[in-house]
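What follows is a single structure, written as structure tokens, with notes after it.
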Amino acid sequence: MTQVPLKRTILAAALMSLAAAPMAVQAAGTPDSTSGKTANAGMADAKSTLSSDDKKFIEKAAQGGVAEVQMGKLASQKAQSAQVKQFGERMAKDHASANNKLMQLASQKGVTPASDMDSSSKREYDKLQKLSGAQFDQEYMKTMVSDHENDVKEFQSEAKSAKDPEVKNFAQTTLPTLEEHLQLAKQAQASAKDEKTASK
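Residues in the sequence shown are numbered from 240 upward in steps of one, following this note's numbering.
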């Protein structure tokens with residue numbers, strides 16, 4: 240007679256154990272889901288903590304890069320001087336590559352830069368479209384020297400003072416290319432001036 244209650248007790252204990260198992264699994268999963276939310280929150284915080292100067296640098300560099308690509312393509316089509324034409328092709332290629340890296344970085348940091356030129360670059364682009372021959376070459380190269388002088392200064396500053404390590408790395412690794420562009424721009428500008436003088 241005493242065995243039946245014992246069996247019932249064992250069965251009841253087994254059922255209670257099975258009922259408690261899902262609860263244990265759920266409880267075990269709770270820290271994981273919570274930590275996942277915490278990790279996501281951490282990523283959001285990382286995006287939002289980008290300094291205003293770093294964000295401004297990304298936005299300005301992106302717009303400047305778009306302008307260099309568009310004007311470079313225009314020069315590869317309209318330039319009279321072979322050196323100016325080659326420079327334009329180089330600008331379109333190099334800045335397109337740098338822009339791709341910059342857009343990836345911007346996406347990681349939660350920044351959405353404008354995908355078009357700024358108003359000043361648009362005015363210059365429109366002006367260049369109306370020029371041809373030696374006039375185009377000289378105006379384009381004058382713009383490129385001025386633009387790259389400014390670019391080099393801005394990238395030098397960001398390479399030293401950027402607060403975000405990835406933004407700083409982008410500025411540091413892109414700077415040598417911009418410095419090379421500036422030297423090439425000055426050489427092509429001298430060529431364009433000689434071309435204009437020879438045409439008189």
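Ideal Cβ placement from N, Cα and C applies to all residues, glycine included.
Contact fails between the stretch 370-377 and the stretch 406-415, because fewer than three Cβ pairs, one in each stretch, are under 8 Å apart.
Straight-line spacing of the CA atoms in V391 and V406 works out to 15 Å. For the 9 Å CB-CB criterion, S400 and D292 form a contact. In the DSSP assignment, Q319 falls outside any alpha helix (DSSP H), carrying neither H nor E. Separation of D403 and A318 (C-alpha to C-alpha, rounded to the nearest whole angstrom) is 40 Å. Taking a cut-off of 8 Å on C-beta distances, the stretch 335-345 does not touch the stretch 376-383, as fewer than three cross pairs fall below it. By the 16-neighbour rule on beta-carbons within 10 angstroms, D376 is buried. Of the candidates S290, A306, V323 and Q309, V323 places its Cα closest to the Cα of L423. Sixteen is the threshold: since fewer than 16 other Cβ atoms of the shown chains lie within 10 Å of the Cβ of E419, the residue is exposed.
Straight-line spacing of the CA atoms in S354 and K340 works out to 14 Å. E363 and G327 have their alpha carbons spaced roughly 15 Å apart.
In the three-state DSSP reduction, P415 falls in the helix class (H, G or I). Shown here for Q302: same chain residues with a beta carbon closer than 8 Å to its own, the five before and five after excluded, namely P352, A353, D355, M356, D357 and S360 in chain order. Between A337 and K295, the alpha-carbon positions lie close to 17 Å from each other.
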